[in-house]
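Undergrad: In the UniProt record's numbering, the protein residues as written are 1 to 345. Beta carbons: idealized from backbone N, C-alpha and C, even for Gly. None of these values were measured; they are calculated from a predicted model. Here it is, the structure, as structure tokens.
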Amino acid sequence: MKVAVIGGGVVGLSATAALLRRGADVRCYEPGEPMGERSAGDTRIFRLAHIHPDMVVLADQSRALFGEWSERAGAALVDQVGTVVSGAEAGRWANAMAAAGAAHEMVEAGSPLLRLPARDFAGPALVDPAGGVIRVDRIRAFLVGEVGNRLRQARADALDETDSGVRVTAGTDSDTFDAAVICAGAGTSALAAGAGIETPSALEHHLRVSFPIRPDAPAPLQCWITEPADGLLGTYQHQAGPGSWAVGGDVDPALVTWAGGRQAAEQASLAAVTAHVAEHLPFVEPRPIGRVYCAHNPDLGDGLRFARRGRMLVTYGENLMKFAPLLGETLARAALDGSTPADAG
Ligand SMILES: Cc1cc2nc3c(=O)[nH]c(=O)nc-3n(C[C@H](O)[C@H](O)[C@H](O)COP(=O)(O)OP(=O)(O)OC[C@H]3O[C@@H](n4cnc5c(N)ncnc54)[C@H](O)[C@@H]3O)c2cc1C
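This is the structure in structure tokens:
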């Protein structure tokens with residue numbers, strides 16, 4: 001089968017690689033750098049911990065596939081330092097872990113099982129020992145190698161279903177495919193709408209900021225999800241390279257609206273996250289040294305979403321990095337057999 005994959009983020013590259021392994025003739029359309037938009041940056045958090053048991057099970061499947069990728073890449077793609085989820089909701093996450101049969105511990109601040117950049121925090125904490133740091137930099141190199149010359153540097157302007165297949169128009173070029181997968185991140189909703197498939201279109205600005213880790217911090221630090229945190233609705237935090245601690249904060253949504261503009265949103269996020277670091281993280285210097293920005297769809301949460309119209313399959317969601325290997329397999333299978341994967345989360 002001849003398949004078009006629209007978008008060369010981590011999801012599109014993973015789907016392209018999975019389609020190639022199944023013998024398909026694939027072209028992946030990407031106008032910019034591969035993994036240069038929502039998949040940009042060096043690292044992300046992996047966790048089995050989710051609030052729904054079905055997502056815990058899927059994350060476990062994805063972790064096994066990361067292991068297969070690591071073997072083929074010849075390098076660990078997840079540093080298994082563990083992930084901690086703290087706050088009033090931690091018990092609900094633990095229930096989901098228990099229902100899914102996943103190893104976990106519930107502890108309080110001060111537990112010897114914790115290696116965090118803070119000594120104290122609100123609420124109990126769930127320790128997910130299978131969690132850790134996803135090495136995005138390594139995944140980018142691995143996937144770009146896997147897809148090779150199947151990457152076409154072009155923006156897909158429109159997809160149309162015709163009698164002979166899906167016609168993809170990119171500038172003055174057009175070509176027809178037996179199937180198409182749309183996984184274009186922030187570009188998905190416009191492209192899908194043109195093909196008659198409705199997906200969430202609202203966008204919000206989001207910023208993650210990195211800070212130096214002080215030499216006396218525990219090591220290796222665990223990834224950490226906190227909710228809620230003072231002045232922020234929640235944070236996610238993890239090591240982002242040697243000596244660097246990444247903190248993403250959910251700020252008041254009114255400060256990061258699409259209409260308000262990227263610059264104002266970045267400034268508000270930077271100020272809120274830096275103030276949080278200064279007040280709550282004694283093992284981190286409140287001196288910003290790096291940033292990762294993205295335009296994301298608010299309110300989707302941890303979930304995997306799929307829609308199909310004829311031969312066109314669309315996927316969308318948030319926090320998809322941890323599911324990238326699984327999503328690639330799922331999309332490849334569905335593109336080839338014409339099915340629609342079930343939503344999860
Ligand atoms: C700061 C930050 C922190 C995050 N933290 C985590 C985390 O800890 N754990 C986790 O699992 N996830 C996390 N995520 C989310 C995760 O990184 C994203 O969900 C994932 O990378 C999305 O990949 P994607 O391929 O769907 O989208 P993208 O990487 O955005 O790829 C889509 C691609 O489509 C291309 N495109 C758009 N329009 C078109 C078109 N018309 N034609 C062709 N191509 C097009 C774009 O150029 C883009 O490269 C985080 C994201 C950010 C930004």
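With a threshold of 7 Å, establish whether the CB of I51 neighbours any heavy atom of ligand 1.
TA: Not under cutoff, so the answer is no.
Undergrad: Return the CA-CA distance between V133 and G338, expressed in angstroms with no decimal places.
TA: The straight-line gap from Cα to Cα measures roughly 34 Å.
Undergrad: Return the CA-CA distance between D79 and L143, expressed in angstroms with no decimal places.
TA: Between D79 and L143, the C-alpha separation is close to 18 Å.
Undergrad: With DSSP as the reference, identify every bridge partner of G234, one or two as the case may be.
TA: Answer by DSSP bridge pairing, in chain order: D250.
Undergrad: Nearest CA to the CA of G194: which residue from M312, W93 and E146?
TA: Of the candidates M312, W93 and E146, the one whose C-alpha sits nearest the C-alpha of G194 is M312.
Undergrad: Would you mind sorting N297 into buried or exposed? The rule is 16 or more other CB atoms within 10 Å of its CB.
TA: The residue in question, N297, is buried, as its Cβ has 16 or more Cβ neighbours within 10 Å.
Undergrad: Using C-beta distances below 8 Å, list every residue in its chain close to D175, excluding the 5 sequence neighbours before and after it, in chain order.
TA: Here the set comprises A4, R27, R167 and V168.
Undergrad: Beta carbon of P31: closer than 7 Å to some heavy atom of ligand 1?
TA: Checking every heavy atom of ligand 1 against the Cβ of P31, one is found closer than 7 Å.
Undergrad: Pair every Cβ in the segment 144-151 with every Cβ in the segment 48-56, then say whether three or more of these pairs are closer than 8 Å.
TA: The segment 144-151 vs the segment 48-56: no contact.
Undergrad: Within 10 angstroms of the Cβ of N149, are there 16 or more other Cβ atoms? Answer buried if so, exposed if not.
TA: Exposed, because fewer than 16 other Cβ atoms sit within 10 Å of the Cβ of N149.
Undergrad: Where L48 and G290 are concerned, what is the direct C-alpha to C-alpha distance, given to the nearest angstrom?
TA: About 27 Å.
Undergrad: Taking the alpha helix (DSSP H) that G74 belongs to, which residues open and close that run?
TA: Where G74 is concerned, there is no enclosing alpha helix (DSSP H), given that its DSSP letter is neither H nor E.
Undergrad: Would you tell me roughly how many angstroms separate the C-alpha atoms of L65 and G328, rounded to the nearest one?
TA: Rounded to whole angstroms, L65 to G328 spans 10 Å at the Cα level.
Undergrad: Let me see if you follow: with CB-CB separation under 8 Å, is D137 close to chain D or not?
TA: The chain inventory of the structure shown lacks chain D, comprising one protein chain alone.
Undergrad: Helix, strand or coil: which one does DSSP assign to D160?
TA: The answer is strand: DSSP assigns D160 an E or B state.
Undergrad: How close, in whole Å, do the beta carbons of A265 and V256 come, if the pair is a contact with beta carbons under 8 Å?
TA: Confirmed, about 4 Å.
Undergrad: Taking only three categories from DSSP, how would you classify W93?
TA: Residue state, collapsed to three classes: helix.
Undergrad: Can the beta-carbon of A15 be found less than 8 Å from the beta-carbon of A342?
TA: Result no, Cβ atoms of A15 and A342 do not sit closer than 8 Å.
Undergrad: Between R155 and P31, how many whole angstroms is the CB-CB distance? I'm expecting something under 8 Å.
TA: About 4 Å; that satisfies the 8 Å criterion.
Undergrad: With burial defined as no fewer than 16 other Cβ atoms inside 10 Å of the residue's Cβ, what is the status of E37: buried or exposed?
TA: By the neighbour-count rule (16 or more Cβ atoms within 10 Å), E37 is buried.
Undergrad: Is the beta carbon of R287 closer than 8 Å to that of P212?
TA: Yes.
Undergrad: I need the straight-line Cα distance from V251 to L232, nearest angstrom please.
TA: If I take the Cα positions, the gap works out to 5 Å.
Undergrad: Give the single residue among P117, E161 and A90 whose Cα lies nearest to the Cα of E279.
TA: Ranking the options by Cα distance to E279, first place goes to P117.
Undergrad: Please classify N95 as buried or exposed, where buried requires at least 16 neighbouring CB atoms within 10 angstroms.
TA: Label assigned to N95: exposed.
Undergrad: Going by C-alpha to C-alpha distance, which of A158, Q237, R309 and A259 sits closest to V284?
TA: Answer by Cα proximity: Q237.
Undergrad: R152 to V292, Cα distance in whole Å?
TA: Rounded to whole angstroms, R152 to V292 spans 25 Å at the Cα level.
Undergrad: Quick check on the DSSP output: what are the complete beta strand (DSSP E) runs of length 3 or more inside the segment 119-199, in order along the chain?
TA: DSSP runs (the beta strand (DSSP E)) wholly in the segment 119-199: 125-128, 132-135, 158-162, 165-170, 173-177 and 179-182.
Undergrad: Alpha carbon to alpha carbon, how far is residue 348 from T274?
TA: In this structure the chain extends from 1 to 345, so residue 348 is not present and cannot be described.
Undergrad: Please state whether the Cβ-Cβ distance between K322 and R44 is less than 8 Å.
TA: Yes.
Undergrad: Please name the residue, chosen from V277, L126, A109 and F306, that lies closest to S189 on a Cα-to-Cα basis.
TA: Closest by alpha carbon: F306.
Undergrad: State the start and end residues of the unbroken alpha helix (DSSP H) segment that holds V277.
TA: Unbroken alpha helix (DSSP H) run through V277: R262 to H280.
Undergrad: Is it true that the CB of I225 sits closer than 8 Å to the CB of residue 351?
TA: This structure leaves residue 351 out entirely; the chain is present only between 1 and 345.
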